[in-house]
Structures are given as C-alpha cells and as structure tokens.
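Undergrad: Protein chains in written order, with the numbering used here: chain D, 7 to 357; chain V, 46 to 347.
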Amino acid sequence: MTQPTTTPQDGATRPGDTPGPGPGSGPDAPGGGTPGRRPRRLSAAARENRAGLAFVTPTVVVVTVVVVLPILWTVLLAFQNARLVDIQGMGLLGDWSLENFRAVFGSPGFWTSLWTTLLYTVGSTAGSILLGLVAALALRKPFRGRGLVRGAMLLPYVAPVVAVAFVWEIALSPQFGVVNEWGAKLLGWDDPVAFLSTRSYEVSLFGADFELPLALLTVIAFETWRYFPFAFLFLLARLQAVPDGLEEAAKVDGAAPTQRFRHVLLPQLMPVVALLCVLRFIMEFNKFDDVYLLTGGGSGTDVVAVRVYDFLTARFDVGAAAAQALVLAVILMVLLGLYFTFFGRKVQEES
Amino acid sequence: MSRADQAQVRARVPFSRAQFEERLFGVLRWVVIAFLALATLVPFYYMLLLSVKPIDALLLDPGRLWVSTKEFTLSTYEEVLRPTSEGGQGFLGMLRNSALASVGAVVLTLLAAIPGSYAVSRLRFFGGRHLSALFLAVYLFPATLLAVPLFVMFAKMGLQGSIVGLAIVYIAQTVPVSIYMLRNYFATIPFSIEEAAALDGCSRLQTIRKVVLPLAAPSLMATGLYIFMIAWNEFLFALLFLAATPENWTVSLGLQQLANGIEVSKTVLMAGSVVLTVPVVLLFLAAERLLTEGLTSGADKS
Chain D
7 MTQPTTTPQD GATRPGDTPG PGPGSGPDAP GGGTPGRRPR RLSAAARENR
57 AGLAFVTPTV VVVTVVVVLP ILWTVLLAFQ NARLVDIQGM GLLGDWSLEN
107 FRAVFGSPGF WTSLWTTLLY TVGSTAGSIL LGLVAALALR KPFRGRGLVR
157 GAMLLPYVAP VVAVAFVWEI ALSPQFGVVN EWGAKLLGWD DPVAFLSTRS
207 YEVSLFGADF ELPLALLTVI AFETWRYFPF AFLFLLARLQ AVPDGLEEAA
257 KVDGAAPTQR FRHVLLPQLM PVVALLCVLR FIMEFNKFDD VYLLTGGGSG
307 TDVVAVRVYD FLTARFDVGA AAAQALVLAV ILMVLLGLYF TFFGRKVQEE
357 S
Chain V
46 MSRADQAQVR ARVPFSRAQF EERLFGVLRW VVIAFLALAT LVPFYYMLLL
96 SVKPIDALLL DPGRLWVSTK EFTLSTYEEV LRPTSEGGQG FLGMLRNSAL
146 ASVGAVVLTL LAAIPGSYAV SRLRFFGGRH LSALFLAVYL FPATLLAVPL
196 FVMFAKMGLQ GSIVGLAIVY IAQTVPVSIY MLRNYFATIP FSIEEAAALD
246 GCSRLQTIRK VVLPLAAPSL MATGLYIFMI AWNEFLFALL FLAATPENWT
296 VSLGLQQLAN GIEVSKTVLM AGSVVLTVPV VLLFLAAERL LTEGLTSGAD
346 KS
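#1: The alpha helix (DSSP H) that contains D/GLU295, what's its start and end?
#2: Is it buried or exposed, D/LYS257, if we count other Cβ atoms within 10 angstroms and call 16 or more buried?
#3: For V/THR341, which of D/VAL73, D/THR127, D/LEU239 has the nearest alpha-carbon?
#4: Taking only beta-carbon positions, decide if D/GLY26 is within less than 7 Å of chain V.
#5: Is there a C-beta anywhere in chain V that falls below 7 Å from the one on D/MET276?
#6: Got a sec, what are the start and stop residues for the beta strand (DSSP E) V/SER162 sits in?
#7: Using a cut-off of 9 Å between C-beta atoms, extract the partners of D/THR65 located in chain V.
#8: I believe D/ALA221 touches D/THR307 by the beta-carbon criterion, under 8 Å. Please report the beta-carbon distance rounded to the nearest angstrom.
#9: Assuming contact is defined by CB atoms lying nearer than 7 Å, are V/THR219 and V/THR121 in contact in what I supplied?
#10: Do you know how far the Cα of D/PHE107 is from the Cα of D/ALA326?
#11: Going straight from the alpha carbon of D/GLU208 to that of V/THR322, what length do you get?
#12: May I ask which residues mark the beginning and end of the alpha helix (DSSP H) holding D/PHE267?
#13: Check D/SER210 in the structure and name its three-state DSSP category.
#14: What's the gap between the Cα of V/LEU327 and the Cα of D/GLY157?
#15: Quick check: what's the CA-CA separation for D/SER113 versus D/LEU334?
#16: Using the beta-carbon of each residue, which ones in chain V are nearer than 9 Å to D/GLU187?
#17: Which same chain residues end up closer than 6 Å to V/LEU230 when comparing Cβ atoms and leaving out the 5 residues on each side of it in sequence?
#18: Whose Cβ in chain C lies nearer than 7 Å to the Cβ of V/TYR184?
#19: Please list, in chain order, the chain D residues whose beta carbon lies closer than 7 Å to that of V/VAL72.
#20: When we look at the beta-carbon of V/THR295 and count the other beta-carbons within 10 Å, is it buried (16 or more) or exposed?
#21: Grouping DSSP H, G and I as helix and E and B as strand, with all else coil, what is D/LEU202?
#22: At the level of alpha carbons, what is the spacing between V/VAL87 and D/PHE322?
#23: For D/ARG89, which three-state DSSP category applies?
#24: Spatial neighbours of V/PRO221 within its chain, please: C-beta separation below 8 Å, excluding the five flanking residues on both sides.
#25: Rounded to whole angstroms, what's the CA-CA distance from V/ASN293 to V/LEU284? Just pull it up for me.
#26: Identify whether V/LEU211 lies in helix, strand or coil by the three-state DSSP scheme.
#27: Shortest alpha-carbon distance to D/ALA328 belongs to which of D/ALA311, D/PRO273, D/THR65?
#28: Would V/ALA63 and D/ALA255 qualify as a contact pair, given that the criterion is a beta-carbon distance under 7 Å?
#29: Helix or strand or just coil, what does DSSP make of D/LEU218?
#30: Return the CA-CA distance between D/TRP231 and V/VAL313, expressed in angstroms with no decimal places.
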C-alpha cells in the first residue's frame, strides 16, 4: 500500500468493537466535541476510521466464520479424543489430552512423510520458479504468435487438476502410456518404467549406481509443469516493467546477455522471485489433491496433507487428523518465521 | 545509438563474449519456446486424442499420436454425458452442479471481499494494516486443516452433501486471492474522483455504488472469473463433502469417482476430462488478458 501509516486515532474504537452507526454515516457524525487543536480534521479522520471499520466488518465476519473459527476448532479437536461417530454429541470442551500428538509423532512413517513433504515442496517450488523464469525470459521480446504461445503456456495452470492428473497418469502408464512406448522406440528402454509406482529406481551413471525416488520426482515434475505458468505470469509482468534504458546502457557498454541478466535484470526481479518463493512454498507444503490424484500417497510420495486425509476418511479419527494438520501448519509457520527473520524485508514490502 | 554504431562497437573484438552469447541465446530462445509450447500443448492434445479413439486402438498401438477417420468415435462422449438412468455417467447433471457451486462461490466471495478490500485499500482505520496481513495469513493454513473442522461443522449442521454448503466452503479458498486482486485495483483509482463525488453530495456508500464499482468493473470481472476457476477446479472439499451424495457431485469429483470405480475404459475417462476442462479453458481464453492483468497487477512495482 502506498498510503502513509496513520497513528491509531484516540483509541475510542478498538478493532474488536463493532462500529455503531452503519456505513456512510452522515457528515455530522459524533466526534465534533472531541477536544483538539483542529477538531474539523480530527472528526474527518474519526469518520474515516468508523467507515473503515464498518466496511471491513462483513469481510471479517465471513473470514472468521469460514476460516478463523474452523482453525481454532482444529486446535481444540487436536487435543481431544474425537472420532467422527461420537462427535455429534460432543461438547467443545471434552477431555483434554496430548494423546493425539503422541500418536502422530509416534506413528510409523510420520517423520519420513515430513521429510517427503519438505523435498516435494522445495523441489516443486524451485522447479516451477526456474522454469517460469526461463519461460518469461524467452517470451519477453515480442514475436509473431507470442500471444498464442503465452496463452498455451497458461493452460496447465488453468486446467482442472483432476483432468490433467489423469492425462499424466495415462501418458506415463507402463501398459499403454505414450511415454513408455516412445521411450522404448526412441531411447531404447528395455522395460517400461512405472513412473508413478516406483519408490526407487536404480540408475547407473559413470559407473556409479544411484537410487532415484522416481515417483516423488515424477510428482515434482508434474507440479513444476502445472505451476510454472504462475511464476511465468508474475515474472513476465515484472520484466515488462523494467525500463528499456537500463538494459540499453548495459548493452552499449558491451555487456553480454548473461551479464545483463545477472547485473541488470536479476536485481529487479528479486523481490518478485522472493514473493513467489514464499507463495509457492506455502501452497506446495499444504498440497493435497495433486499427490493424491497421481499416486494416492504411495511409493514414497506420502506427503503430510495426504496422511491427514487418510486419518480423516479411512480411520475416522478426527482428533489425530486435526493434530497432524496442526503440526503441519506449525512447521510451516516456523519455516516462514525463519525465512522472514533472515530475508524478510523484500517480501513484506512486495506483499 | 544507431545500428551502424553498434556494429562498430562490436567490430572492435572479432568474436566477443557478448557476440557469442547474443547468438547462442538467440537460438536457445527458440528452442525454449518450442519446448515449452510442446510441453504445455501435447498433454491436452493427448487428452483430446484419446477421448475420440476406441479403447482397442489405444491398446493396440499406444504410441500413435493421431486418429484415423475410420476409428474416430464420439461414443465416449455419449457414454459420459448420458444420464445415469440411461446407463451413462451423468456428466450433464454434474456440469450443472459444478456451475451452481462455482457461481455460488463467485457471488458469495465477491459479497464478502468487496467491502473489506475497499476498506483496506482506501480507508485509514484502526487495525487496517493488521487486517491486511490477516487476510494474507489465511493462505498459511492448509486446506486439509480447514477441511477437518468444516467437515465436522457441516455434518452437525446437516449441510453435508449439499451444493450450497460446498459454495460456502469455497469462500475459504477464494477470499484471500480476491482481496489481494481487488485491493490492488482499488488502490489505482484516484482519490480525487471519490472526492469529487463527495462534493456532489454522495454519501460514501453512494460513491462506491455509483463511482468506484463501475470503475472497478473490469477488476470485478477478473476476480469473479478467477474465483469461478478456483471453484470449478476444486477437488478436495468436493471429495470430502459430497462423496456420499452422488446426485450432487461436481464434475471433478464425478471424474475421480469414475476412475476409482468399476473398470471404465481410459478413453471414456479422457472424454470426461475434456468435458471438465473445456468450459474453464474457454472462459480463460476469452478473458485471458483481463485475468492475467488482474492477477499480476502490483507485481511490477519494485
């Protein structure tokens, strides 16, 4: 926001209070009697304050009902022994215990799933931003058909996840997938590769053997493909706002394209890149549907969000699901807290 | 600087790094563009292709990327769209459900987001800056975290399995991005216009209704379309809330259930995918400029 910060008015209205008169209170709203050197201005500010609170109330109420209250309730549920069947008769304050958390931390696979989540998040965040950057740089200068290419490139982001996940699933299928068929034909693959159900795939490279977490890498590739348009959009918009003169000057000085990118463009792009990193990280960390649809959480892709779903629907264990979701949210907040402590300024300005 | 001058500068070094890179990236650029165009278009082409092929043709030669006129069939679409009472998959009804849920989400979200984003971008009030951060903080919480309590809440209220309930739940997903988009746009409307309206005797509500909202119409459109797309593509909440009531399934959910259920041929699955994808892609292509500008406005400030 560009407006300067105002100091809070006399503190007559606190954020929690609902403002008395409705929106658009008349010009002679109370407040004229406030003692002050310039009562006229003060009352205008007070009126603005009041109107602001009035306008923001419906939004806050809605957000509170569909977001804040549910989150608070999750916190409560996480400390209770709540099963879906008996939740109907349960009061808000049942028996409190740390049982759910003990179960979550002690359950087999929790720590690996957390590690998987982290790998998946970092991989797909970095992948989508890098590919988006490459795309933005390639499409920066106008050419015939740029609009078409640009529109095409946004398709993965726009298309419903269920549809594209199925296309990938079928294309990668070992039985009738086009990828394996062409891999055998063009690249001479001996056996079809089960991309989405191979936990680790042995590769020999320069005489050394590697174990690749193939299913996880495939899911990361899918995320990169699906979300690079998002990064591309933001980076392209920023690139087009870079003044021409800057680059022209560097060009005249004989700077090579990589040098111009490194010293002229990149500093300009950094705030957007930082913002994208935060946004994509948050979204990927909590991602459920993409992984669930592609692998169902199997073959080394069991991210925490999918586990939450499993606890909820397979075992009807609401308490454990809530505890797990809460742990996920807390870890995310800690990571973000660390990020903002060390690199904070830029992103905050940007958002 | 003219072209000739530039040539002179370059001519000083016979084959400079700059010159080499200029050429390299000149070529690479086209390679990248071609690669990206293929990577994004081929999956959609593949989807379309499989949807008009008989399943035998796919199993016989999985690598073939075209369909002969002899094989071409639309029976997959017939099966997907025919009502369940007639032995089909009933996607027409699901399309209607998806449309209802999405339009409902658009209306509800806009009603909730417009006043708030106006206030946050235009008015100085106590706590305004914190609210702005609060709306963004909503992003922090995973949909799965929200899903647990909303699931329980709706089960208690008996809204489970209803499309209205689903539209309400979608607000949680769409409010942050709507506020972000609208706020950026409201911030670009000059204060002086509102002041002029106020001088003409408009109250603040009148000013908003008669001046600000008409000016913000493109942005409202963009935000509305964006909400529609999010709601149309949504899967987790639909799965959680509607799985038990097949008559209210959205297309996303129907498609996933179709894939999970008894053996359905992959070509029918692809026809369903096309049916799910086409509306939202058409909508997007029709409003591409509007949408991308709405989303990225504010990204170009440094």
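Beta carbons: idealized from backbone N, C-alpha and C, even for Gly.
TA: On the basis of the data shown:
#1: Counting from 1 along the first sequence, the entry for residue 295 of chain D is found at position 289. Looking at the sequence provided, one finds Asp at residue 295 of chain D rather than Glu. Run containing D/ASP295: 295-301, per the alpha helix (DSSP H) assignment.
#2: Here residue 257 of chain D refers to the residue found at position 251 of the first sequence. Classified as buried, D/LYS257 has 16 or more neighbouring CB atoms from the shown chains inside 10 Å of its CB.
#3: For this step, residue 341 of chain V is matched to residue 296 along the second sequence. Selected option, being the one with the closest Cα: D/LEU239.
#4: In the first sequence, counting from the first residue as 1, residue 26 of chain D sits at position 20. Only weak support exists for where D/GLY26 lies, its pLDDT of 40 falling under 50; the value from the coordinates is given anyway. No, no contact with chain V.
#5: Here the question's residue 276 of chain D lines up with position 270 in the first sequence. No - not a single Cβ of chain V is within 7 Å of the one on D/MET276.
#6: For the purposes of this step, residue 162 of chain V is taken as residue 117 along the second sequence, with counting starting at 1. Counting along the chain, V/SER162 sits inside no beta strand (DSSP E); it lies in the alpha helix (DSSP H) bounded by residues 136-167.
#7: Taking the first sequence and counting its residues from 1, the one referred to as residue 65 of chain D is at position 59. Simply ALA157, ALA158, ILE159, PRO160, GLY161, SER162, ALA164, VAL165, LEU176, PHE180, VAL220, ILE224.
#8: The residue labelled residue 221 of chain D in the question sits at position 215 within the first sequence. The residue labelled residue 307 of chain D in the question sits at position 301 within the first sequence. About 5 Å; that satisfies the 8 Å criterion.
#9: As a first step, residue 219 of chain V is located in the second sequence; it is residue number 174 there, counting from the start. As a first step, residue 121 of chain V is located in the second sequence; it is residue number 76 there, counting from the start. No. Outside cutoff.
#10: Taking the first residue of the first sequence as position 1, residue 326 of chain D is located at position 320. Taking the first residue of the first sequence as position 1, residue 107 of chain D is located at position 101. Between D/ALA326 and D/PHE107, the alpha-carbon positions lie close to 7 Å from each other.
#11: As a working note, residue 208 of chain D is residue 202 in the first sequence. As a working note, residue 322 of chain V is residue 277 in the second sequence. Linking D/GLU208 to V/THR322 through their CA atoms gives a straight-line distance of about 36 Å.
#12: The count along the first sequence starts at 1 and reaches residue 267 of chain D at position 261. Here D/PHE267 belongs to no alpha helix (DSSP H), and DSSP marks it neither H nor E.
#13: The sequence position of residue 210 of chain D within the first sequence is 204, counting from 1. Looking at D/SER210 - three-state DSSP - the assignment turns out to be strand.
#14: Within the second sequence, residue 327 of chain V is the residue found at index 282, counting from 1. Within the first sequence, residue 157 of chain D is the residue found at index 151, counting from 1. Cα-Cα distance, rounded: 11 Å.
#15: The residue labelled residue 113 of chain D in the question sits at position 107 within the first sequence. The residue labelled residue 334 of chain D in the question sits at position 328 within the first sequence. So the two alpha carbons sit approximately 15 Å from each other.
#16: For the purposes of this step, residue 187 of chain D is taken as the residue at position 181 of the first sequence. Neighbours of D/GLU187 on chain V, chain order: ASP106, PRO107, GLY108, ARG109.
#17: As a first step, residue 230 of chain V must be located in the second sequence, where it is residue number 185. Note on residue identity: the sequence assigns Tyr, not Leu, to residue 230 of chain V. Same-chain partners within the cutoff: ALA261, SER264.
#18: The structure shown contains no chain C; its protein chains are D and V.
#19: Working through the second sequence from its first residue, we reach residue 72 of chain V at position 27. None at all; the shortest Cβ gap to chain D is about 11 Å.
#20: As a working note, residue 295 of chain V is residue 250 in the second sequence. Per the 10 Å Cβ criterion, buried.
#21: Looking up residue 202 of chain D in the first sequence gives position 196. In this structure, D/LEU202 counts as coil in the three-state DSSP scheme.
#22: As a position in the second sequence, residue 87 of chain V is number 42, starting the count at 1. As a position in the first sequence, residue 322 of chain D is number 316, starting the count at 1. One C-alpha to the other measures close to 41 Å.
#23: Stepping through the first sequence from its first residue, residue 89 of chain D is reached at position 83. Three-state DSSP puts D/ARG89 in a strand.
#24: Taking the second sequence and counting its residues from 1, the one referred to as residue 221 of chain V is at position 176. Here the set comprises PHE180, LEU181, VAL183, TYR184.
#25: On the second sequence, residue 293 of chain V is found 248 positions in, with the first residue counted as 1. On the second sequence, residue 284 of chain V is found 239 positions in, with the first residue counted as 1. Going from the Cα of V/ASN293 to the Cα of V/LEU284 covers about 11 Å.
#26: Counting from one through the second sequence, the residue named residue 211 of chain V turns up at place 166. Note: V/LEU211 maps to helix in three-state DSSP.
#27: As a first step, residue 328 of chain D must be located in the first sequence, where it is residue number 322. Here the closest residue by C-alpha is D/ALA311.
#28: Here the question's residue 63 of chain V lines up with position 18 in the second sequence. Here the question's residue 255 of chain D lines up with position 249 in the first sequence. No, Cβ-Cβ distance for V/ALA63 and D/ALA255 is not below 7 Å.
#29: Position 212 of the first sequence, counting from 1, holds the residue named residue 218 of chain D. In this structure, D/LEU218 counts as strand in the three-state DSSP scheme.
#30: The sequence position of residue 231 of chain D within the first sequence is 225, counting from 1. The sequence position of residue 313 of chain V within the second sequence is 268, counting from 1. When rounded, the distance between both Cα atoms is 25 Å.
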